[in-house]
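Residue numbers (UniProt numbering): 1 to 87.
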């Protein structure tokens, strides 16, 4: 995965989870809703903050793109290509 984007994703994700989890403890291949209880509202908050931090336009993703982002790895792989170099 893309290291800088992954770090930003982990840090932003833990801010919206209802159960305390350390960023480094997140399994990149675990279902975010099933394993960590990520709700659809918190997913939007997570993706918005991640896109803001990485300089990625959230509007580049369709509703279907967002629905397919079910793991941390999928989020990072979707966001990383359009991340501004300095995260």
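Ideal placement from N, C-alpha and C gives every residue a C-beta, glycine not left out.
Legend entry - Backbone CA spacing between residue 79 and residue 19 [nearest angstrom]: 24 Å
Legend entry - As assigned by DSSP and simplified to three states, the class of residue 87: Residue placement at residue 87 is flagged as unreliable, the pLDDT there being 42, under the threshold of 50; the coordinate-derived value follows with that caveat. DSSP places residue 87 in coil when its eight states are reduced to three.
Inset, instruction - Report all residues from its chain with a CB closer than 6 Å to the CB of residue 36; omit the five preceding and five following residues, and keep chain order. - result: 17
Inset, instruction - List the whole-angstrom C-beta distance separating residue 5 from residue 83, where the pair is believed to meet the contact cut-off of C-beta under 8 Å. - result: 5 Å
Inset, instruction - Find the nearest neighbour of residue 73 within the set 15, 21, 32, judged by alpha-carbon distance. - result: 32
Inset, instruction - With residue 9 as the anchor, note down where its alpha helix (DSSP H) starts and where it stops. - result: 3-16
Inset, instruction - Taking all protein chains shown into account, decide if residue 10 is buried (16 or more other Cβ within 10 angstroms of its Cβ) or exposed. - result: buried
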